[in-house]
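First to last, the protein sequences are chains A and B.
For the first sequence, the positions run 73 to 320 when my numbering is used.
For the second sequence, the positions run 39 to 360 when my numbering is used.
Note that beta-carbon positions come from the ideal geometry of N, C-alpha and C, so glycine has one too.
Small disclaimer: the values here were computed from a predicted structure and weren't measured.
Beneath this line is the structure, given in structure tokens, with notes to follow.
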Amino acid sequence: MKIAVCISHVPDTATRVKIGPDGKSIDPAGVTYIINPYDEFAVEEALKTKEKVGGEVIVISLGSDANKESIRKALAMGADEGILLKKEGYFDSFSVANSLADEIKAQNCELVFFGKQSVDYDNSITGQLTAELLGYSCVSVVVKFTLDNIKIIAEREIEGGREIVETELPAVITAQKGLNEPRYASLKGIMASKKKVIIEKPAMEFNNLTEIINLSLPPSKQPGRIVGTDASAVPELVRLLREEAKVI
Amino acid sequence: MANKIIAVLEQRESNLKRSAFEVITTTKNLAEQFNFESIAICIGNNIHNIDEIVNYGISKIIHFKSPDLEYYSPSAYTELIAGYAKDFSADSLVFSNTALGKDLAPRVAANLKAGCMMDCINLKKDNNELIAVRPVFAGKAILEGKITSPVKIFTLRPNVFKAEKVVNPANPEIEIIEATSLNLKTRVIDIKKSEGKLDVAEADIIVSGGRGLKAPENYKLVEDLADVLGAAVGASRAVVDAGWRNHGEQVGQTGKTVSPKLYIACGISGAIQHLAGMSSSRYIVAINKDKDAPIFNIADYGIVGDVFEILPVLTEEIKKIK
Chain A
73 MKIAVCISHV PDTATRVKIG PDGKSIDPAG VTYIINPYDE FAVEEALKTK
123 EKVGGEVIVI SLGSDANKES IRKALAMGAD EGILLKKEGY FDSFSVANSL
173 ADEIKAQNCE LVFFGKQSVD YDNSITGQLT AELLGYSCVS VVVKFTLDNI
223 KIIAEREIEG GREIVETELP AVITAQKGLN EPRYASLKGI MASKKKVIIE
273 KPAMEFNNLT EIINLSLPPS KQPGRIVGTD ASAVPELVRL LREEAKVI
Chain B
39 MANKIIAVLE QRESNLKRSA FEVITTTKNL AEQFNFESIA ICIGNNIHNI
89 DEIVNYGISK IIHFKSPDLE YYSPSAYTEL IAGYAKDFSA DSLVFSNTAL
139 GKDLAPRVAA NLKAGCMMDC INLKKDNNEL IAVRPVFAGK AILEGKITSP
189 VKIFTLRPNV FKAEKVVNPA NPEIEIIEAT SLNLKTRVID IKKSEGKLDV
239 AEADIIVSGG RGLKAPENYK LVEDLADVLG AAVGASRAVV DAGWRNHGEQ
289 VGQTGKTVSP KLYIACGISG AIQHLAGMSS SRYIVAINKD KDAPIFNIAD
339 YGIVGDVFEI LPVLTEEIKK IK
């Protein structure tokens, strides 16, 4: 079976965000980019599935040349082939999903993994959009995945519990932390990845359906009051929470 | 002809959720500002509190009813909502940004070729356009954007928009549509609850613990305080990665972004990815030994001290007033 994993290349979560001169994007200066953390769970699940049912794992990423670093990481973990859909500028989830759906169709992948959201724009919708555009089933925010022939049983995280979802291939699965433990790339894997091909091609053009007007930093919070340095401060803290903040 | 806006309401266990009423009030307010016609949709089997919608300002509701719809079915729910939105020629749909809303809204969007603004914390009118305000980078930046497609979809972060009762509620007009020939290709067959605990994403008060608690068994101090406050238990990434707590409790950039009324951080130093996930809480209390911990930079009230000494006393003091 051909399995696709769609990954994004995002600022490290330790990044201190600064706004770029256009006022609509972040200033990339000094920012370290990494494979989106949730996408590592997606790569791992794709590899585990391949190990079970056979086939190949294709990594697809949309963006600039810089994304190759994250594609290489997935190849080093064990994916077979990489595809970079090249695109510059602003693209929203809808145009990304359209481009990805187009490539997934061309590659004839029956099972597609995404991270449940990318930790930059936090939309958490690209997987579901792609699935609908392809007419595939989809389970999002998955913490447990089993595939038996074409039947899928997946557990997805909801408020205060898990939903057990039944569906079938072809399908899109979006991975939540807890789905698995992503493997480290071995030295052998890293060496092998250097010989693997990353196919580069322009992404199919699709319109954005949203527009960014402005990006700003949140209002900075003023440091508050240190109420005390030991347990004797507790009654005063409780009084403040009750009478000043009125939250308890 | 007036433009039309749909409030999509979520039920769990046969009752509309609290966040559904936030969606109603917000939809009602938008309808008033833009002179839209509003209607609510709910999907489920029995919905016990359906009459309550009128108290929040929308009187008309479509209830798609079937025993097969009691649990969520992404395929069936998507077809019903997208189908209704087309028949009704809806211009906008409003969902709650819950686990269900996040899954469903984009599917409906793909069907309607609608742009999405997810996890909005404000919706404002500017030059007769609707501007959505939403946190990005887990709250490290705030994005203002608009949707350029004819049909528009917004999801609201729970706990941020108010659910407000109206003074003179109208009589409810509930139209029940018995839903048949459903597409149940993808469906929930069961729900596993996690010990009946409150979820951080929906809680008014959260008590979170970090590495300062030193060992998983000491988390009882956090749980005891959460119990007396009726709060949810949260966790820092460090303690989740160490396996002390489940990922469902993790607050921060690779966990949940939360905005409760009160957030109590116990033994959490405040790594930037944690602060991103909770700094929009209305009030923040920090208890930490290290006076230089970054958490104190955003806390409203702090105690520089030992969590092992302070937490039991705090729990006792709160018991006294409850």
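Nearest chain B C-beta to residue i closer than 8 Å, yes or no?
| i | result |
| --- | --- |
| residue 290/A | yes |
| residue 282/A | yes |
| residue 93/A | no |
| residue 222/A | no |
| residue 78/A | no |
| residue 286/A | yes |
| residue 88/A | yes |
| residue 320/A | yes |
| residue 165/A | yes |
| residue 218/A | no |
Looking at residue j and residue i, is the spacing between their C-beta atoms short of 8 Å?
| i | j | result |
| --- | --- | --- |
| residue 171/B | residue 159/B | yes |
| residue 79/A | residue 146/A | yes |
| residue 276/B | residue 241/B | no |
| residue 102/B | residue 81/B | yes |
| residue 205/A | residue 169/A | yes |
| residue 79/B | residue 43/B | no |
| residue 280/A | residue 186/A | no |
| residue 322/B | residue 348/B | no |
| residue 288/B | residue 303/B | no |
| residue 179/B | residue 89/A | yes |
| residue 195/A | residue 316/B | no |
| residue 221/B | residue 117/B | yes |
| residue 148/A | residue 262/A | yes |
| residue 229/A | residue 286/B | yes |
Tell me whether residue i sits in a helix, a strand or coil according to DSSP, three-state version.
| i | result |
| --- | --- |
| residue 52/B | coil |
| residue 270/B | strand |
| residue 157/B | strand |
| residue 229/A | strand |
| residue 326/B | strand |
| residue 86/B | coil |
| residue 97/A | coil |
| residue 288/B | strand |
| residue 234/A | strand |
| residue 91/A | strand |
| residue 320/B | coil |
| residue 339/B | strand |
| residue 146/B | helix |
| residue 334/B | helix |
| residue 298/B | coil |
| residue 173/B | strand |
| residue 78/B | strand |
| residue 314/B | helix |
| residue 356/B | helix |
| residue 261/B | helix |
| residue 208/A | coil |
| residue 186/B | coil |
| residue 225/B | strand |
| residue 252/B | coil |
| residue 348/B | helix |
| residue 57/B | helix |
| residue 233/B | coil |
Measuring only between beta-carbons, confirm whether residue i sits less than 8 Å from chain A.
| i | result |
| --- | --- |
| residue 139/B | no |
| residue 228/B | yes |
| residue 82/B | no |
| residue 239/B | yes |
| residue 328/B | no |
| residue 129/B | no |
| residue 199/B | no |
| residue 182/B | yes |
| residue 65/B | no |
| residue 346/B | no |
| residue 315/B | no |
Exercise. Quick one, which residues of the region 153–169 of chain B are near chain C if we go by CB-CB under 8 Å, in chain order?
Worked result: Going by chain labels, chain C is absent from the structure shown, which instead holds the protein chains A and B.
Exercise. What beta strand (DSSP E) runs, 3 residues minimum, are completely inside the region 238–313 of chain A?
Worked result: Those beta strand (DSSP E) runs which fall completely within the region 238–313 of chain A and span 3+ residues are 243–247, 270–274, 282–288 and 297–300.
For this session: For the region 130–206 of chain A, list the beta strand (DSSP E) runs that are entirely contained and at least 3 residues long, ordered along the chain.
Result: Counting only runs of 3+ residues, the beta strand (DSSP E) found wholly inside the region 130–206 of chain A occupies 153–158 and 183–187, in chain order.
For this session: Mind checking the region 289–318 of chain A against chain B and listing, in chain order, the residues whose C-beta falls within less than 8 Å of any C-beta there?
Result: From the region 289–318 of chain A, only 289, 290, 293, 295, 296, 297, 298, 299, 300, 301, 302, 303, 305, 306, 307, 309, 310, 312, 313, 314 and 317 have a Cβ closer than 8 Å to chain B.
Problem set entry | Under 7 Å (Cβ pairs) to chain B, residues found in the region 222–239 of chain A | For chain B, the residues of the region 222–239 of chain A that bring a beta carbon within less than 7 Å of one of its beta carbons are 229, 230, 231, 232, 233, 234, 235, 236, 237, 238 and 239, in chain order.
Problem set entry | beta strand (DSSP E) segments (min. 3 residues) lying fully within the region 87–123 of chain B | You should have 98–103.
Problem set entry | Within 8 Å of chain B by C-beta, residues of the region 92–112 of chain A in sequence order | Answer in chain order: 98, 109 and 110.
For this session: May I ask you to list, following chain order, the residues of the region 192–214 of chain A that have a beta carbon less than 9 Å from some beta carbon of chain B?
Result: Flagged, chain order: 192, 193, 194, 195, 196, 197, 198, 199, 200, 201, 202, 203, 204, 205, 209, 210, 211, 212 and 213.
Exercise. At a Cβ cut of 7 Å, what residues of the region 280–305 of chain B count as close to chain A, listed as they run along the chain?
Worked result: Hits within the stretch, in order: 285, 286, 291, 292, 299 and 300.
Problem set entry | Selection of the region 248–264 of chain A by Cβ proximity to chain B, strictly under 9 Å | If the cut-off is 9 Å between Cβ atoms, the region 248–264 of chain A has 248, 249 and 250 near chain B.
For this session: Residues of the region 116–132 of chain A with a CB closer than 8 Å to any CB of chain B: list them in chain order, please.
Result: Residues: none.
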